[in-house]
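Let me begin by presenting the structure, written as structure tokens, before commenting on it.
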Amino acid sequence: MGVGVVIPAAGIGKRMGTKVSKQFLDIAGEPVLIRTLRVFDEHPAVMEIVLAVKEEEREAVIALLHRYEFDPKRIRLVQGGAERQSSVYHGLCEIQAEWVLVHDAVRPFVTSAQVDQLLAVAKETGAAILAVPVKDTVKQVSEAGVVETTLDRNQLWAVQTPQAFSRELLMEAYEQGAESALEATDDAKLVEAMGVSVQVVRGDYTNLKLTTPEDLVLAEAIWNMRCLADD
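Going left to right, the sequence shown walks through residues 1 to 231 as the UniProt record's numbering numbers them.
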């Protein structure tokens, strides 16, 4: 019943507009990637972590792991792909655990409690994801910038990570996705394409994915808020 974690960390992050990859940016003096890793490294259910990284950043990641004293036997590196989907697959092929979590490298504020809730549901259903209800009104817009329809906000959820699956199910989903050339921006879409139900577990709005410069400001605020709560 062990749990493995795949963290795709080979993205460029063009929307962030920084010279370095966003997983290497600092939040309160510590790299985003390290903050993300620590959540899973310290979780008692996690037996292995696989990081998918760009070859040209491999040595930088190894240096960070050494600097922050992570166990090299517990965290393994694999070659990241050109797209997130291929990076996750490369990592998944290295996982031995029965259950797998896939988590964005630049989502450093997930909590151990959220991981616990997600795993509990996944082990009952086979597939579960964190998500939060959409706050804003969402409209479908044409390429010409004209509103086509207003979607029912009550049925819309913003999906987060980690996403949890049995390893066997997720591997089959990735293999079938490759055969059909299905492109997916998250892992659940590949599982859904098999006709398998994916259970939603309510997450938290602070489980932020760092994508644009504004997110760095929000990240610092979230960190400061948590520090105050711990005092």
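Just so you know, even glycine gets a beta-carbon here, dropped at the ideal spot from N, CA and C. Being a predicted model, the structure only gives us computed values, none of them experimental.
DSSP three-state assignment for residue i, whether helix, strand or coil
{"i": "Leu156", "result": "coil"}
{"i": "Thr137", "result": "coil"}
{"i": "Ile12", "result": "coil"}
{"i": "Ala219", "result": "helix"}
{"i": "Gly91", "result": "helix"}
{"i": "Glu83", "result": "coil"}
{"i": "Val191", "result": "helix"}
{"i": "Val78", "result": "strand"}
{"i": "Pro108", "result": "coil"}
{"i": "Val198", "result": "coil"}
{"i": "Val6", "result": "strand"}
{"i": "Gln163", "result": "strand"}
Among the options, the one whose alpha carbon lies nearest that of residue i
{"i": "Val134", "options": "Ile12, Leu156, Gln114, Thr149", "result": "Leu156"}
{"i": "Asn207", "options": "Pro213, Glu214, Ala219, Val198", "result": "Ala219"}
{"i": "Val132", "options": "Ala173, Thr111, Leu182, Tyr205", "result": "Tyr205"}
{"i": "Glu98", "options": "Arg167, Val32, Ala45", "result": "Arg167"}
{"i": "Ile95", "options": "Val159, Leu170, Thr211", "result": "Leu170"}
{"i": "residue 232", "options": "Thr211, Ala184, Glu30, Val191", "result": "Residue 232 lies beyond the stretch modelled for the chain, which goes from 1 to 231, so this question has no answer here."}
{"i": "Gly4", "options": "Phe165, Asp136, Val138", "result": "Phe165"}
{"i": "Met225", "options": "Ser180, Ala173, Gly2, Ala28", "result": "Ala28"}
{"i": "Leu151", "options": "Gly145, Ser142, Thr137", "result": "Thr137"}
{"i": "Ile62", "options": "Gly91, Phe24, Cys93", "result": "Phe24"}
Cβ pair residue i, residue j closer than 8 Å
{"i": "Val53", "j": "Ala10", "result": "yes"}
{"i": "Val200", "j": "Ile129", "result": "yes"}
{"i": "Val102", "j": "Val6", "result": "yes"}
{"i": "Phe109", "j": "Ile222", "result": "yes"}
{"i": "Asp187", "j": "Val88", "result": "yes"}
{"i": "Leu77", "j": "Leu51", "result": "yes"}
{"i": "Pro8", "j": "Gly80", "result": "yes"}
{"i": "Gln85", "j": "Ala229", "result": "no"}
{"i": "Gln160", "j": "Arg107", "result": "yes"}
{"i": "Ala120", "j": "Val198", "result": "no"}
Beta strand (DSSP E) segment containing residue i, residue limits
{"i": "Met47", "result": "46-53"}
{"i": "Thr150", "result": "147-150"}
{"i": "Arg38", "result": "Segment 32-41 is the alpha helix (DSSP H) holding Arg38; no beta strand (DSSP E) there."}
{"i": "Leu101", "result": "99-102"}
Extent of the continuous alpha helix (DSSP H) run through residue i
{"i": "Arg167", "result": "167-180"}
{"i": "Val61", "result": "58-67"}
Rounded Cβ spacing between residue i and residue j (contact assumed at less than 8 Å)
{"i": "Pro213", "j": "Met16", "result": "6 Å"}
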